[in-house]
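Here the structure comes first, spelled out in structure tokens, and everything after it is commentary.
Numbering (full-length UniProt numbering), first residue to last: 1 to 442.
Structure (structure tokens):
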């Protein structure tokens with residue numbers, strides 16, 4: 001019933017099993033459908049994928065109708081392009097797009113690393129009169145563009161999903177190369193993510209029209225997830241995690257509730273996985289060093305409940321839609337509240353209640369103020385020890401500030417000392433590291 005929004009959007013929602021639109025969809029569809037640039041801010045589970053995907057599909061269909069392809073036109077020339085940071089998110093977006101074919105006949109081609117580039121190029125080369133949309137990761141997109149299998153001269157709609165993460169993690173140069181290949185006049189850009197910190201907003205301004213429409217969905221502090229943060233020593237994490245899992249299993253019915261455990265290092269992922277296996281849990285692991293087949297199988301086993309526990313780095317955390325996921329555990333805290341939001345937002349999706357437990361070690365004190373504000377905003381209990389970390393951090397900053405020459409205090413080297421779990425927490429929260437001492441003192 002919104003001006004400019006096609007009627008079949010409602011049919012598409014029903015096809016995917018959604019009964020009603022979400023706030024971010026209602027705010028973003030009208031401006032996106034009339035050609036405006038959009039900055040969509042919404043946490044995981046808020047419906048942001050359809051908030052940009054349906055307008056992108058509509059754009060591609062309209063372009064195919066208004067500018068029909070000629071036989072002599074080269075293949076692999078999409079009308080719309082969606083860029084995502086990880087192969088898992090790319091696959092997920094393509095899967096949703098393919099489910100829309102009954103309501104909106106659009107050909108969607110996914111290109112991402114970890115799979116055969118030649119097979120992806122063959123798929124792009126197939127002639128078609130259908131509207132075409134390509135979704136891919138930055139590196140693989142550039143690779144297939146380099147061979148000529150993909151050309152962007154017709155792609156007048158660009159979507160950046162998880163835009164904050166791509167820009168913050170150093171994809172800016174690759175994205176700029178892709179942007180340079182897009183047609184300049186008449187291009188429309190839709191940027192979507194759960195968070196847009198101030199620094200990234202400045203970058204977004206360079207990509208978007210001067211006055212983009214702002215689609216602000218549910219705030220991070222309002223996630224439908226009960227959030228508990230325990231301040232604890234590194235060596236106590238193992239015991240606390242096993243106790244938590246034991247309590248969950250006492251309340252399980254016939255099927256075990258699923259638990260997604262995040263760690264910052266690959267070595268820690270393996271350590272925590274082994275710890276839980278010894279505890280009798282069926283566990284799968286997910287990180288960037290696994291081959292694509294193993295990653296796909298791990299996700300399949302977790303989604304089906306065959307392995308009710310998944311231990312993963314942030315490679316798995318961004319954008320994954322795991323229906324009915326009940327619990328998230330942060331063995332390691334990420335390096336920012338934005339990344340924390342992305343992690344805990346894996347649970348409590350599509351109106352269902354979720355729960356998140358996080359272990360907070362002293363080396364993460366710099367994010368304590370933002371974390372406390374987030375918890376209070378959502379009405380969650382704040383551990384007094386977490387507030388103590390704020391006071392401790394303030395005293396440490398005053399001591400460092402008083403030194404002559406402004407040299408680095410010991411706290412600034414803290415990431416080198418932490419155990420495999422907590423020590424990795426001081427990073428930016430987006431990548432994953434292979435090394436690190438031990439896997440934490442379970």
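All C-beta atoms in this analysis are idealised placements derived from N, C-alpha and C, irrespective of residue type, glycine included.
Could you check if residue i is buried or exposed, using at least 16 other CB atoms within 10 Å of its CB as the buried criterion?
i	result
residue 88	buried
residue 177	exposed
residue 147	exposed
residue 128	exposed
residue 34	exposed
residue 268	buried
residue 126	exposed
residue 19	exposed
residue 67	exposed
residue 215	buried
residue 381	exposed
residue 305	exposed
residue 237	buried
residue 170	exposed
Give the DSSP-derived three-state secondary structure of residue i in the structure shown.
i	result
residue 40	strand
residue 28	helix
residue 147	coil
residue 192	strand
residue 107	strand
residue 126	coil
residue 16	coil
residue 161	strand
residue 133	strand
residue 228	strand
residue 219	Its pLDDT being 48, under 50, residue 219 is placed unreliably by the model, and the measurement read from it follows with that caveat. It is coil, neither helix nor strand.
residue 407	Bear in mind that the predicted position of residue 407 carries a pLDDT of just 39, short of 50, making it unreliable; the figure below should be weighed with that in mind. If DSSP states are grouped into helix, strand and coil, residue 407 belongs with coil.
residue 181	helix
residue 209	coil
Give every residue of the same chain whose Cβ lies closer than 8 Å to the Cβ of residue i, excluding the five residues on either side of it in the sequence, and list them in chain order.
i	result
residue 307	282, 283, 284, 298, 301
residue 244	329, 357
residue 114	87, 291, 292, 295
residue 142	174, 177, 178
residue 97	53, 57, 106, 108, 133, 135
Report yes if the C-beta distance between residue i and residue j is below 8 Å; otherwise report no.
i	j	result
residue 15	residue 102	yes
residue 111	residue 57	no
residue 445	residue 264	Absent from the model: residue 445. The displayed extent of the chain is 1 to 442, so no value can be given.
residue 61	residue 131	yes
residue 149	residue 180	no
residue 359	residue 240	yes
residue 204	residue 182	no
residue 213	residue 31	yes
residue 193	residue 172	no
residue 17	residue 349	no
residue 248	residue 257	yes
residue 311	residue 354	no
residue 309	residue 286	no
Output needed for residue i: all residues of its chain with C-beta closer than 7 Å, excluding positions within five of it in sequence on either side, in chain order.
i	result
residue 344	223, 225, 227, 328, 356
residue 383	229, 230, 231
residue 277	283
residue 69	129
residue 324	352
Leaving out five residues on either side along the sequence, give the residues of the same chain with a beta carbon under 6 Å from the beta carbon of residue i.
i	result
residue 389	365, 368
residue 135	82, 90, 93, 94, 110
residue 22	46, 47
residue 191	39, 160, 163, 204
**Request:** Output the residue ranges of the alpha helix (DSSP H) runs that lie fully inside the UniProt domain "Helicase C-terminal" (240-390) and measure 4 residues or longer, sorted by chain position.
**Result:** If one requires a minimum length of 4 residues, the alpha helix (DSSP H) runs lying completely within the UniProt domain "Helicase C-terminal" (240-390) are 266-278, 292-304, 314-317, 337-344, 368-377, in chain order.
**Prompt:** Residue ranges of each alpha helix (DSSP H) run of no fewer than 4 residues wholly in the region 57-107, ordered along the chain?
**Reply:** Inside the region 57-107, DSSP marks whole alpha helix (DSSP H) runs of 4 or more residues at positions 87-99, from first to last along the chain.
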